[in-house]
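Read through the structure below, which is laid out as structure tokens, and then see the notes.
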Amino acid sequence: MIMPAIFSGTGGSRVVPPGRALPWPVFPAFLLFVWTATVRADDPVVLRMESLLLTPTHGPALIVVARNPTGQPYRGVLTVEAPKGWVLEPPSQPLELGPGEVVRRRYQVRRGVYVEENRYPVTAIASGMGATVRWKQHLVAATAPYFKPAIDGKLDDWKDSVPVSFLCRGKRSVIRTYWNRRYFAMLVAVEEERLIGRDPDRPQQAFDAIQVAIAPRGAATGRSPDEQVQRYELLFAPEADAARAFRLAEPGMTLAQTRQIQSLAGLEYDQAAVVVSRRKGVTYYECSIPFGPMRRRIRPTEGREFCLSVLIHDPDGTGLRDWGEAAGLWPDQRQPLAWSRWPGARWGPQPPFDSKTPWGLCSSKY
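Take the sequence shown: its letter number 150 is residue 149 in the numbering used here, and every next letter is one higher.
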């Protein structure tokens, strides 16, 4: 199927009992990671690709990010090998980089073939300076269609969303998103052995949760604790008789404040809705976040580009699952100031990746 569109609630929270599950996106076992190539220390250029975005003005675009890690200028040609049936424009383009320089190169997708799994193998090839560097990455269309789902735990409303799937230590996670004029909605499915709820009387005890960061397109995470926060950040967690949303960070705070481990008591965010349910070994976090506080920086309009990332906290299973890692960010894009700290979190030996990964709003996936 050629995609002419995609390629050509109210506040409150609760936990619901088991019911019918959404089908998992099926993809081959070899797709254990979004990226499958390795970076060699002597490569004259390093590559990665951003998730596909769907803009009504220019159509879908494939973005290759290139960096020159050396102290010498780089000159070559950048070519992209797309899936069968795709047409990119241009097929290749010159690539010139100064020492340490990072550039983004755009390829318009003039024709693309949609697959329900929403995973597309793409290879970027940089040829120059006596070397050929190949980077293969399984891209996703990171897009939210327009729809107002009921946040009720039934999941029926999510059949027309676009699944963004990844694996972490053998366990699957799927992120689905919608938008409307009032709310940004998410359904995050987490394959895990068991669900551990938050106990407000034992705040230091580990529990399962999802942590979400939303920021305007072009926002950057500062390097100094004195710099300002540019993201909206929320935590969604199950409790014994309800699920709760907490507002961890928003513009106007300093990054130093997000590094302090604050009590979640008093950070409850009743304007967001969340329902947590569990079916056949999968936990579903169904959430809606009001656009009101974000509207001045992220206007809910078709074609809007912004940044979204998700951390999945599974302390007794895989540990931290990081969409930034699955999206192909470079190892040195781990950023200790990108995410807020909170009691009960179990962080790994390395900081999580930056929370600024591209996402977009579209009219429909059809």
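All residues carry an ideal CB built from backbone N, CA and C; glycine is no exception.
Sub-7 Å separation of W358 and L307 beta-carbons:
yes
Is the CB-CB distance between A241 and Q229 below 7 Å?
no
With 16 other Cβ atoms within 10 Å as the buried cut-off, status of S287:
S287 is buried by the Cβ-count criterion.
Cβ neighbour criterion (16 or more within 10 Å) applied to E192
exposed
Between which two residues does the alpha helix (DSSP H) harbouring R399 extend?
The displayed coordinates of the chain run from 0 to 365. Any statement about residue 399 would go beyond what the structure contains.
W157 and L194 - do their beta-carbons sit closer together than 7 Å?
no
Cutoff 6 Å; reference A184; Cβ partners in own chain excluding five residues on either side:
P148, Y177 and S287
Would you call E164 buried or exposed, if buried means 16 or more other Cβ atoms sit within 10 Å of its Cβ?
Checking the sequence, you will find Ser at residue 164 rather than Glu. Its Cβ being crowded by 16 or more others within 10 Å, S164 is buried.
Drop a sphere of 10 angstroms on the beta-carbon of I150, count the other beta-carbons inside from all chains shown, and report buried for 16 or more, exposed for fewer.
buried
Where are the beta strand (DSSP E) runs, 3 residues long or more, that stay fully inside the segment 172-229, in chain order?
182-190 and 208-215
According to DSSP, residues forming a beta bridge with E100
For E100, which the question treats as bridged, DSSP gives no partner whatsoever.
For N179 and E95, what's the separation of their Cα atoms in angstroms?
41 Å
Leaving aside the five residues before and after V368 along the sequence, list all residues of the same chain whose C-beta is less than 6 Å from its C-beta, in chain order.
Nothing can be reported for residue 368, as the shown portion of the chain is limited to 0 through 365.
On the DSSP bridge list, what partners appear for V163?
I174
Could you tell me the alpha carbon to alpha carbon distance between W338 and L52, rounded to whole angstroms?
Looking at the two C-alpha atoms, the distance is approximately 24 Å.
Assign Y182 to one of two classes, buried (16 or more other C-beta atoms within 10 Å of its C-beta) or exposed (fewer than that).
buried
Output needed for Y268: all residues of its chain with C-beta closer than 7 Å, excluding positions within five of it in sequence on either side, in chain order.
Result list for Y268: L233, A244, F245 and R246, in chain order.
Is the segment 53-67 in contact with the segment 128-143, if contact means three or more CB pairs nearer than 8 Å?
Taking a contact to require three or more Cβ pairs closer than 8 Å, the segment 53-67 and the segment 128-143 qualify as touching.
Within the segment 253-333, note down every full beta strand (DSSP E) run reaching 3 residues or more, in order along the chain.
Within the segment 253-333, the complete beta strand (DSSP E) runs of at least 3 residues are 272-278, 281-289, 304-313 and 318-321.
Return yes when the Cβ of Y231 is within less than 7 Å of the Cβ of I213, no when it is not.
A distance below 7 Å separates the beta carbons of I213 and Y231.
Secondary structure of W134, DSSP reduced to three states
strand
For the beta strand (DSSP E) that contains Y119, what are its first and last residues?
Y119 to G127
Is P215 near F305, with beta carbons less than 7 Å apart?
yes
Distance CB(G196)-CB(F206) smaller than 7 Å:
yes
For V108, collect the residues of the same chain with a Cβ closer than 7 Å to its Cβ; drop the 5 residues on either side in sequence, then sort them by chain order.
Cβ within range, chain order: F6, G58, P59, A60, L61, W85 and L87.
Starting from Y145, trace the beta strand (DSSP E) in both directions and tell me its first and last residue.
Taken as a continuous stretch (DSSP letters only), Y145 belongs to no beta strand (DSSP E), as it is neither H nor E.
Of the residues P72, P202, N67 and T122, which one's Cα is nearest the Cα of P82?
T122
For the beta strand (DSSP E) containing F235, list its first residue and its last residue.
F235 -> beta strand (DSSP E) spans Y231 to P237.
Might you give, ordered along the chain, the residues of its own chain that have their beta carbon closer than 6 Å to the beta carbon of R66, omitting 5 neighbours on each side?
V45 and V101
Hey, would you say V309 sits closer than 7 Å to W322, going by beta carbons?
With contacts defined by Cβ atoms closer than 7 Å, V309 and W322 form a contacting pair.
Under DSSP, the beta strand (DSSP E) around L52 begins and ends at which residues?
L52 to T54
On the criterion of 16 or more Cβ atoms from any shown chain inside 10 Å, does S276 qualify as buried, or is it exposed?
buried
Considering Cα atoms alone, identify which of Q259, A255, R168 and D198 is closest to A239.
D198
Buried or exposed by the 16-neighbour rule on C-beta atoms within 10 Å, applied to G75:
buried
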